[in-house]
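Q: For reference, the structure I am asking about is given below.
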């Protein structure tokens with residue numbers, strides 16, 4: 010079925026899709042005031058439980074992988090600085106392959122057994138800040154010789170032990186910290202956390218994730234400001250100025266055969282397009298020796314041949330496996346720091362679940378599905394720690410936004426994305442290719458991405474009354490403290506000397522993690538300074554979680570467990586666990602049940618939407 014055209018002749022959907030259309034939640038039927046174009050914009054080509062054609066699943070699955078591309082590869086590239094791997098491209102390629110592989114596995118687990126919504130899993134910046142704080146401790150500071158490319162022998166035993174010892178310490182901390190998320194999710198305690206955490210806690214926490222990474226962005230971009238400025242300008246051009254321009258592409262369908270359809274490619278893939286064009290230009294400048302070949306000259310790091318041997322050395326097929334860097338070690342300081350990131354990740358994901366349900370034509374997620382989703386994310390972080398990504402996993406907000414662009418809310422598309430990411434993780438050459446991206450191109454990409462993360466955190470203040478001097482004080486003090494205190498401690502690393510080494514390490518990691526400092530002050534002040542719930546934004550913040558549709562018949566079609574697991578739980582005490590759906594008889598007549606006690610079943614995707622709380626929505 011071809012999409013309807015609007016007044017300017019452009020398709021209303023990112024792709025011309027075959028199949029039935031269903032309304033997004035909140036669509037008002039019978040409203041004569043709404044124009045036909047507005048009605049079409051609220052149509053979904055495929056709802057969450059629909060199964061598109063296999064070729065469409067693959068095409069849109071690739072698109073979701075490319076949408077998450079920037080965030081996924083950014084994490085190992087930043088971690089390589091703390092792991093002393095700046096000059097070891099081959100190991101960087103292994104880390105990129107590993108994070109793709111684990112992200113694919115976690116995506117499949119989440120879509121199949123977790124929240125069961127079309128939501129992609131990938132590396133998280135909320136764990137990046139405490140990880141870098143841990144690696145900046147005096148005992149983990151990189152030796153001076155690892156910063157000099159001419160002195161680094163990537164195959165030497167000494168160098169391997171330098172970076173693997175840091176990775177193992179990071180792995181152990183992530184694995185232990187993730188157990189807390191598993192417990193909170195499967196025990197149902199996430200609801201208790203949400204009672205005390207509002208916009209004035211989340212806003213500084215999320216904003217400081219982006220702001221605390223300014224040094225990494227500046228260092229990479231400063232290697233050649235011209236290239237980084239070009240990358241940033243291209244991403245801004247594509248994502249902001251050209252996003253409403255549709256580009257014609259050839260397309261085949263059974264009804265219309267081979268024809269052209271218009272795709273909003275600039276709106277879907279701005280980061281990938283901007284980075285790729287800058288990457289290509291750097292390659293051309295390298296080929297014609299426009300960029301300096303002397304390592305001492307400014308602009309040398311913009312060359313694309315610095316890691317040219319990495320692609321040749323990387324294996325075609327490589328299977329990441331748990332413990333590939335050795336047996337993980339655990340430090341108390343690392344675990345406590347990771348816990349701060351885990352809590353932020355959980356709250357962000359709850360908002361993503363509601364946003365994803367809204368955009369995929371699903372009812373609001375019931376409590377058992379949210380509990381299961383958080384628990385599976387904790388399990389994903391445990392797997393990421395065991396495999397050695399140096400990071401965890403979380404729900405990707407940018408992919409939730411892509412659902413609204415493509416108008417395809419089917420979870421089978423995300424299943425295809427998960428399979429593709431696993432394949433990319435096994436294909437070793439793919440990770441090696443990404444390591445050849447010049448540092449200034451990465452820096453330009455970071456400037457846009459981290460800026461958006463910082464601004465997205467501030468956007469949560471829309472739920473609070475920012476005309477209140479109380480709220481202005483809490484947010485301003487939390488933000489400023491989150492910048493000042495970590496900066497001072499990093500400049501004075503020997504400040505803590507309590508006589509207990511473990512306590513010194515815990516204080517060092519926590520107080521050099523900007524998001525923890527800002528979030529802690531926001532949490533304490535917001536819950537102790539007098540203020541009404543409406544003034545604090547708690548009413549609007551929690552309203553999304555009050556709409557529990559666990560007793561509606563249509564909710565079971567989306568959120569119940571697959572493979573007949575629900576029928577096995579129907580007569581078991583297990584159905585009363587916080588993460589298991591309650592059984593609803595298929596036939597109510599003659600069952601003795603009070604039919605009036607159940608909410609009437611409505612067509613899927615026609616619920617009134619609650620105010621969606623999005624922690625970070627890129």
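Numbering (our numbering), first residue to last: 10 to 627.
All C-beta atoms, glycine included, are put in the ideal place defined by N, C-alpha and C.
Quick check on this structure: which residue in 112, 264, 467 has the alpha carbon closest to the alpha carbon of residue 391?
A: Translated into the one-based positions of the chain shown, residue 391 becomes position 382. Of the candidates 112, 264, 467, the one whose C-alpha sits nearest the C-alpha of residue 391 is 112.
Q: Residue 397 and residue 333 look like a contact to me (Cβ under 8 Å); what is the Cβ gap, rounded to whole Å?
A: Position 388 of the chain shown, counted from the start, is the residue given in the question as residue 397. Position 324 of the chain shown, counted from the start, is the residue given in the question as residue 333. 6 Å between Cβ atoms; contact.
Q: Look up residue 266 in the DSSP assignment and say whether it is helix, strand or coil.
A: Locating residue 266 in the chain shown gives position 257, counting from the first residue. Residue 266: strand per DSSP, three-state reduction.
Q: Since residue 443 and residue 105 should fall inside the 8 Å C-beta cutoff, what is the C-beta to C-beta distance between them, to a whole number of angstroms?
A: Translated into positions along the chain shown, residue 443 becomes position 434. Translated into positions along the chain shown, residue 105 becomes position 96. Right, the Cβ-Cβ distance comes to about 5 Å (below 8 Å), so this counts as a contact.
Q: In whole angstroms, what separates the C-alpha of residue 430 from that of residue 388?
A: For the purposes of this step, residue 430 is taken as the residue at position 421 of the chain shown. For the purposes of this step, residue 388 is taken as the residue at position 379 of the chain shown. Going by the C-alpha atoms only, they are around 18 Å apart.
Q: Enumerate in chain order the residues of its own chain whose CB-to-CB distance from residue 536 is below 7 Å, with the five nearest sequence positions on each side excluded.
A: Locating residue 536 in the chain shown gives position 527, where the first residue counts as 1. Excluding sequence neighbours, residue 536 sits near 205.
Q: Is the beta carbon of residue 131 sitting closer than 8 Å to the one on residue 81?
A: Numbered from its first residue, the chain shown carries residue 131 at position 122. Numbered from its first residue, the chain shown carries residue 81 at position 72. The answer is yes: Cβ separation under 8 Å.
Q: Alpha carbon to alpha carbon, what distance is there between residue 527 and residue 477?
A: In the chain shown, counting from the first residue as 1, residue 477 sits at position 468. In the chain shown, counting from the first residue as 1, residue 527 sits at position 518. The straight-line gap from Cα to Cα measures roughly 19 Å.
Q: Near residue 460, what residues of its chain come up, given a Cβ to Cβ distance below 7 Å and the 5 sequence neighbours on each side ignored?
A: Locating residue 460 in the chain shown gives position 451, where the first residue counts as 1. If we look at residue 460 and ignore the five residues flanking it on each side, its Cβ neighbours are 219.
Q: Would you mind working out which of 147, 306, 313 sits nearest residue 297, comparing C-alpha positions?
A: Stepping through the chain shown from its first residue, residue 297 is reached at position 288. When only C-alpha atoms are compared, the closest one is 313.
Q: Taking the beta carbon of residue 405 as the centre, do at least 16 other beta carbons fall within 10 Å, making it buried, or is it exposed?
A: Position 396 of the chain shown, counting from 1, holds the residue named residue 405. Under this definition residue 405 is a buried residue.
Q: For residue 127, is the classification buried or exposed, using 16 other Cβ atoms within 10 angstroms of its Cβ as the cut-off for buried?
A: Within the chain shown, residue 127 is the residue found at index 118, counting from 1. Buried is the call here.
Q: Sort out for me which residues DSSP pairs residue 259 with in a bridge.
A: Mapped onto the chain shown, residue 259 falls at position 250. Its beta-bridge partners are 269.
Q: Per DSSP, what are the beta-bridge partners of residue 403 in this structure?
A: Position 394 of the chain shown holds residue 403. Answer by DSSP bridge pairing, in chain order: 131.
Q: Counting C-beta neighbours from all protein chains within 10 Å, is the total for residue 472 16 or more, i.e. buried, or is it exposed?
A: Locating residue 472 in the chain shown gives position 463, counting from the first residue. The residue is buried, with at least 16 neighbouring Cβ atoms inside 10 Å.
Q: In angstroms, rounded to a whole number, what distance separates the CA positions of residue 252 and residue 239?
A: Locating residue 252 in the chain shown gives position 243, counting from the first residue. Locating residue 239 in the chain shown gives position 230, counting from the first residue. About 18 Å.
Q: Please tell me whether residue 423 and residue 124 are closer than 8 Å, where the distance is taken between their beta carbons.
A: Taking the chain shown and counting its residues from 1, the one referred to as residue 423 is at position 414. Taking the chain shown and counting its residues from 1, the one referred to as residue 124 is at position 115. The answer is no: Cβ separation not under 8 Å.
Q: Any contact between the segment 133-141 and the segment 338-358? By contact I mean 3 or more CB pairs, one from each, below 8 Å.
A: yes
Q: Start and end of the alpha helix (DSSP H) containing residue 500?
A: Walking along the chain shown from the start, residue 500 turns up at place 491. Per DSSP, residue 500 belongs to the alpha helix (DSSP H) from 478-500.
Q: Let's see if you can read the secondary structure: which residues bound the alpha helix (DSSP H) around residue 518?
A: One-based indexing of the chain shown puts residue 518 at position 509. First-last of the alpha helix (DSSP H) with residue 518: 510-520.
Q: Span of the alpha helix (DSSP H) holding residue 288?
A: Counting from 1 along the chain shown, the entry for residue 288 is found at position 279. It spans 279-296 - the alpha helix (DSSP H) in which residue 288 sits, taken as one unbroken run.
Q: Could you tell me whether the segment 152-164 touches the segment 507-522, using the rule of 3 or more Cβ pairs below 8 Å?
A: Verdict: no, contact absent.
Q: Do the segment 447-454 and the segment 233-248 make contact, defined as three or more Cβ pairs closer than 8 Å?
A: yes
Q: If we ignore side chains and look at the alpha-carbon of each, how far apart do residue 310 and residue 79 end up?
A: Along the chain shown, read from residue 1 onward, the residue named residue 310 stands at position 301. Along the chain shown, read from residue 1 onward, the residue named residue 79 stands at position 70. Each residue's alpha carbon lies about 20 Å from the other.
Q: If we call anything under 8 Å between Cβ atoms a contact, is residue 369 one with residue 412?
A: Looking up residue 369 in the chain shown gives position 360. Looking up residue 412 in the chain shown gives position 403. Yes, they are a contact pair.
Q: Distance, Cα to Cα, residue 171 vs residue 145?
A: Locating residue 171 in the chain shown gives position 162, counting from the first residue. Locating residue 145 in the chain shown gives position 136, counting from the first residue. Cα to Cα, residue 171 sits roughly 14 Å from residue 145.
Q: CB residue 517 to CB residue 342, shorter than 8 Å?
A: If you number the chain shown from 1, residue 517 lands on position 508. If you number the chain shown from 1, residue 342 lands on position 333. Taking 8 Å as the Cβ cut-off, residue 517 and residue 342 qualify as a contacting pair.
Q: Using three-state DSSP, classify residue 109 as helix, strand or coil.
A: Position 100 of the chain shown holds residue 109. In the three-state DSSP reduction, residue 109 falls in the helix class (H, G or I).
Q: Per the DSSP calculation, residue 307 is bridged to which residue(s)?
A: Counting from 1 along the chain shown, the entry for residue 307 is found at position 298. Residue 307 is not bridged to any residue.
Q: Have a look at residue 570 and residue 384 and give me their C-alpha separation to the nearest angstrom.
A: On the chain shown, position 561 is the one that residue 570 refers to. On the chain shown, position 375 is the one that residue 384 refers to. So the alpha carbons of these two residues sit roughly 14 Å apart.
Q: Quick one: is residue 565 buried, meaning 16 or more other Cβ sit within 10 Å of its Cβ, or exposed?
A: As a working note, residue 565 is residue 556 in the chain shown. Buried is the call here.
Q: Would you mind giving the Cβ-Cβ distance between residue 329 and residue 107, rounded to the nearest angstrom? I have them listed as a contact below 8 Å.
A: On the chain shown, residue 329 is found 320 positions in, with the first residue counted as 1. On the chain shown, residue 107 is found 98 positions in, with the first residue counted as 1. Between residue 107 and residue 329 the Cβ distance is about 4 Å, and since that is below 8 Å, they are a contact.
Q: Which whole-angstrom value is the C-beta distance of residue 497 and residue 207, which I expect to be below 8 Å?
A: Residue mapping note: residue 497 aligns to position 488 of the chain shown, counting from 1. Residue mapping note: residue 207 aligns to position 198 of the chain shown, counting from 1. About 28 Å; that fails the 8 Å criterion.
Q: For residue 514, which of 340, 467, 439 has the nearest alpha-carbon?
A: In the chain shown, residue 514 corresponds to position 505, counting from 1. Closest option to residue 514, Cα to Cα, is 340.
Q: Roughly how many angstroms separate the alpha carbons of residue 371 and residue 419, rounded to a whole number?
A: By 1-based counting over the chain shown, the position of residue 371 is 362. By 1-based counting over the chain shown, the position of residue 419 is 410. Cα to Cα, residue 371 sits roughly 10 Å from residue 419.
Q: Starting from the C-beta of residue 259, find all residues in its chain whose C-beta is less than 7 Å away, skip the five residues before and the five after it, and write them out in chain order.
A: Taking the first residue of the chain shown as position 1, residue 259 is located at position 250. Within its own chain, the residues whose Cβ lies closer than 7 Å to the Cβ of residue 259, once the five positions on either side in sequence are excluded, are 267, 269, listed in chain order.
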